[in-house]
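Chemist: One structure, pasted below without further comment.
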Amino acid sequence: MPDSMTKTQLVADLRLALSDAESFFSTADANQTEDVFWRMLTIAASDMHRARPRTLSGSLALIAGVASYPAPADLEDFKLSNWGMDARARYNPWDGAYPRRLPTVTVIGDSNGKTLELSFAPTSPMITVLGATYGFFYYGQHTLPDDGSSSINESDRELLILRATAEAMKQLAIKRLKTAVSVKPGVGRDRQGSPAEIYQNLMIEFLAA
């Protein structure tokens, strides 16, 4: 993966983007300071799916009469499933084996744990005809290891820096810092104003990107 996506390079670029606001996060301990900025970047990476959705595949081992199944650990939202589509193409609507109803999926839970809830539990005859493996696609979380092997495209690194800059402004706003600051996240013009104002504007740009 490109060196520009490593922890060292991303932290350096985030500190540069924060401009004069960088000093609010710096400490006498260089390693501690680096960890502070890296946490902002990992938070930004966890939110990248909203601007750059990441589609992954998964599967469930269906059990007759069971409607609730553990979701993949990195699932953000369910996308679609083709389970039963082959049978609908293979049989006519008047055939007994034609699947007239197929379950839809709802994601239940939060970041502490999610389940995939089928709208109704599959029956034994359904599983016999359609198969016990329920394949599906879902929107997954992005990864940001410190070695640069990120799921985020190199072309989106400036967007990641922008989102991390927004996270820094959010933290300053939570601390009720009202002093005007200036940041240069690398996408568009420089921003000046209160941390709360800059945070709101950067998030609008992030979600519109």
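Using full-length UniProt numbering, the first residue of the sequence shown is number 1, and each one after it goes up by one.
All C-beta atoms in this analysis are idealised placements derived from N, C-alpha and C, irrespective of residue type, glycine included.
(1) Helix, strand or coil for L172, going by three-state DSSP, please let me know.
(2) Would G65 be called buried (16 or more neighbouring beta carbons within 10 Å of its own) or exposed?
(3) Looking at C-alpha atoms only, which residue of F24, E22, A45 is the closest neighbour of T6?
(4) If you run the structure through DSSP and keep just helix, strand and coil, what is S81?
(5) Using DSSP with H/G/I as helix, E/B as strand and the rest coil, what is F136?
(6) For M1, count neighbouring C-beta atoms within 10 Å of its own C-beta (all shown protein chains included) and say buried if the count is 16 or more, exposed if not.
(7) Nearer than 7 Å: is that true of the beta carbon of L172 relative to any heavy atom of the ligand MN?
(8) Nearest-angstrom Cα distance between D74 and D156?
(9) Looking at the structure shown, is K184 part of a helix, part of a strand, or coil, going by DSSP?
(10) At the level of alpha carbons, what is the spacing between A17 and V36?
(11) Under DSSP, the alpha helix (DSSP H) around Q141 begins and ends at which residues?
(12) Going by Cα to Cα distance, which pick from L207, A12, D20, T104 is closest to D172?
Modeler: In short:
(1) helix
(2) exposed
(3) A45
(4) strand
(5) strand
(6) Confidence at M1 is low in this model, with a pLDDT of 42, below 50, so its placement is unreliable and the value that follows should be read with caution. Looking at its Cβ environment, which holds fewer than 16 other Cβ atoms inside 10 Å, M1 is exposed.
(7) For the structure depicted, the ligand MN is absent and the ligand set is empty, with no information on it obtainable.
(8) 20 Å
(9) coil
(10) 15 Å
(11) Here Q141 belongs to no alpha helix (DSSP H), and DSSP marks it neither H nor E.
(12) One point to set straight first is that residue 172 is Leu, not Asp, in the sequence displayed. Cα-wise, what sits closest to L172 is D20.
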